[in-house]
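Laid out in structure tokens, this is it:
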């Protein structure tokens, strides 16, 4: 296309003029869309996403506000429960009385105590674990009574590594009635806890 062709556009046939007008209009419309409308469309899309996020956050906050009294009540109840549990954690001087309680519970249950072996205390974040190895001899019913008695103590005591064996087999004695359930030995680890105050 020559510059002279552009100068003679006015004398061109109407079909050519219409085609040029259509092409120029399409180019201007495309440029206008690309440079003006598309950025606003992107901004609209980003605003819609932000609106969705804000609505979700608003709904969550509104739900919390609506349930605030229930949350405050629940927090208060949890604090009370936590304080009750902390009171169940003995301080260092109460460990000796726990050993007495364990011994009395085993005797009251009718068990023969083989040994109580306090182990090394294990410090945790705000409490310490105090494991005690226990070996007792008796019947299943006496074991049940003993464990029930432990659960009734005013302190938190957990039991683990429970093993119940025939006492005669443990001692290497095979004589006597093998079906006698009163000749059983129970070994376990009872763990109590104490609150670590600022020491």
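In the working numbering, the protein residues as written are 60 to 258.
Think of the CB as a built atom: it goes at the ideal place given N, C-alpha and C, for glycine as much as any other residue.
Since the model is a prediction, treat every value here as computed from it, not as a measurement.
- Taking 9 Å as the cut-off, the beta carbon of residue 244 is found no closer than this to the beta carbon of residue 220.
- Boundaries for residue 222: no alpha helix (DSSP H) harbours it, while the beta strand (DSSP E) harbouring it runs 216-225, taken from the DSSP string.
- Within its own chain, the residues whose Cβ lies closer than 8 Å to the Cβ of residue 215, once the five positions on either side in sequence are excluded, are 144, 147, 148, 251 and 252, listed in chain order.
- Counting along the chain, the unbroken alpha helix (DSSP H) around residue 210 starts and ends at 199-210.
- The shortest CA-to-CA distance from residue 256 to any of 207, 185 and 202 is the one to 185.
- Residue 130 counts as exposed, since fewer than 16 other beta carbons sit within 10 angstroms of its beta carbon.
- For residue 94, there is no enclosing beta strand (DSSP E), as DSSP marks it with neither H nor E.
- Around the CB of residue 195, 16 or more other CB atoms lie within 10 Å, so the residue is classed as buried.
- Counting C-beta atoms within 10 angstroms of its own C-beta, residue 74 has fewer than 16 neighbours from the protein chains shown and is therefore classed as exposed.
- CA-CA distance, residue 105 to residue 114, rounds to 14 Å.
- The region 199-213 makes contact with the region 155-170: 3 or more CB pairs, one atom from each, lie closer than 8 Å.
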